[in-house]
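Quick note on my numbering: the sequence shown kicks off at 48 and runs consecutively.
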Amino acid sequence: MTHFSSFIVNSVNEKKFSKFNTGLAASVSTPYEIIRISDAQSMAEGLNRGASMAKGDILIFCHDDIDFVTKEPIAKVIRDLNYYDITGVAGTERLVSGNWYDAGQPYLQGSILAPSSVPGKFELQVFGQGRSKVFNGTKALDGVFIACRRETFEMLGGFDAETFNSWHGYDIDFTFRGYLAGAKLCVTADILLYHESHPATFSQEKLNEFAAAQASIFNKFSDRLDTEPGVRTHTNFEVGNWDEALKRFYGNRNKFLSPS
């Protein structure tokens, strides 16, 4: 079967969108489309609207401030979706709160490249690395990059734009609802993306919005959440360029992250 992928992104920033567009074009060799929503009322509302406009049978929801360090992300997504219903690049096999990261080690999955506090450097954030190309047993995914088949999206009724009417929480809600409905989730261990964002730079307003969204998750799913989280940590590697990040990324492939 020939698949067609639709990237759906909320973006009001011309510079960010142009950079995303250019980076994606340089990373893939298979056909795709980008559905840009420039006037979203919330993250969930915009992504739902984009999905309704998309032509693809593969829907990829992502942020506009990412670039792909590894190549051919579409091929890897399609590979995963032959066996799973929803995939992403970071997540957890336990959900103990409205924040997937709170599950701690050894339950976290995936890696992301981010800016470093050191000028000219990058930070490879390793949440968990496995011995294969895919982590399974996933219950929730980070919204920086989530892909699913159209029928899965429609089965779940899309994102909950009524409850999550700001910019956070929509991702945990959607993916955890998928898990509860019997969808199979995974984190791909061989897509590394650069996300031009770091929690250390978040404003208090943004942190407050996060907290409110996490409270909504807890209120909605309190009786379905896991208990007994692990150690709330991950490993950071400071790297000077993307080639070094890739060496670290693949160098950790045969290791599991220690909770120490």
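Ideal Cβ positions, reconstructed from N, Cα and C, are used throughout, including at glycine.
Predicted model, so just to flag it, every value in this text is computed and none were measured.
Between the options, which lies nearest to residue i when the distance is taken from Cα to Cα?
i	options	result
Thr274	Gly205, Leu142, Gln261	Leu142
Ser269	Gly167, Gly287, Phe223, Asn299	Phe223
Gly204	Ile107, Ala228, Phe115	Ala228
Val116	Gly138, Phe249, Trp289	Trp289
Leu232	Arg295, Ser74, Ile219, Ser244	Ile219
His281	Ser89, Phe265, Gly157	Gly157
Met90	Ser163, Glu291, Ser213	Ser213
Glu92	Phe257, Val278, His215	His215
Tyr130	Thr199, Ala72, Thr77	Thr199
Asn283	Leu272, Phe296, Arg271	Phe296
Got a sec? Which residues, its chain only, sit under 6 Å from residue i by beta carbon, not counting five neighbours each side?
i	result
Phe303	Annotation note: pLDDT 47 at Phe303 (below 50); position unreliable, no value reported.
Pro242	Residue 242 is actually His in this sequence, not Pro. Closer than 6 Å at Cβ, skipping near neighbours: Ile113, Ile159, Ala161, Val191.
Ser305	Caution applies to Ser305, whose pLDDT of 41 falls short of 50 and renders its modelled position unreliable; the model cannot decide the point.
Arg279	Gly151
Met100	Ile82
Phe108	Ile55, Leu94, Ile193
Thr77	Ile121
Ala187	Gly138, Thr139, Leu142, Trp147, Ile219, Thr222, Phe223
Leu171	Leu160, Phe284, Val286, Ala292, Arg295
Between residue i and residue j, how many whole angstroms is the CB-CB distance? I'm expecting something under 8 Å.
i	j	result
Gly135	Ile55	Not confirmed; about 14 Å, so no contact.
Gly145	Gln261	3 Å
Gly103	Ser53	3 Å
Gly184	Glu140	4 Å
Leu128	Arg197	The Cβ separation is near 10 Å, so there is no contact.
Asn255	Val173	Incorrect: roughly 28 Å between the Cβ atoms, too far for contact.
Taking DSSP's pairing of strands, which residues face residue i in a bridge?
i	result
His242	Ile113
Thr185	Leu232
Gly225	According to DSSP, which records beta bridges pairwise, Gly225 is partnered with nothing at all.
Phe284	Leu171
Glu80	Ser53
Leu254	Beta-bridge pairing links Leu254 to no other residue.
Ile105	Ser52, Arg196
Val59	Bridge partners of Val59: none, in fact.
Tell me which same chain residues have a C-beta within less than 7 Å of the C-beta of residue i, skipping the five on either side of it?
i	result
Lys180	Thr235, Ala236, Asp237
Gly277	Ala150, Gly151, Gln152, Pro153, Tyr154, Pro306
Pro120	Ser74, Val75, Ile238
Ala208	Ser89, Ala91, Glu92, Asn95
Apart from the five residues on each side of it in sequence, which residues of its chain come closer than 8 Å, Cβ to Cβ, to residue i?
i	result
Ser58	Phe64, Phe67, Arg83, Ile84, Ser85, Asp111
Gly287	Gly167, Lys168, Phe169
Lys267	Thr210, Asp220
Leu293	Val116, Thr117, Leu239
**Item:** Length-filtered (4 minimum) alpha helix (DSSP H) runs lying within the segment 109-169
**Value:** 120-128
**Request:** Tell me the start and end of each unbroken alpha helix (DSSP H) in the segment 190-217 that is at least 4 residues and wholly inside, in chain order.
**Result:** 197-202
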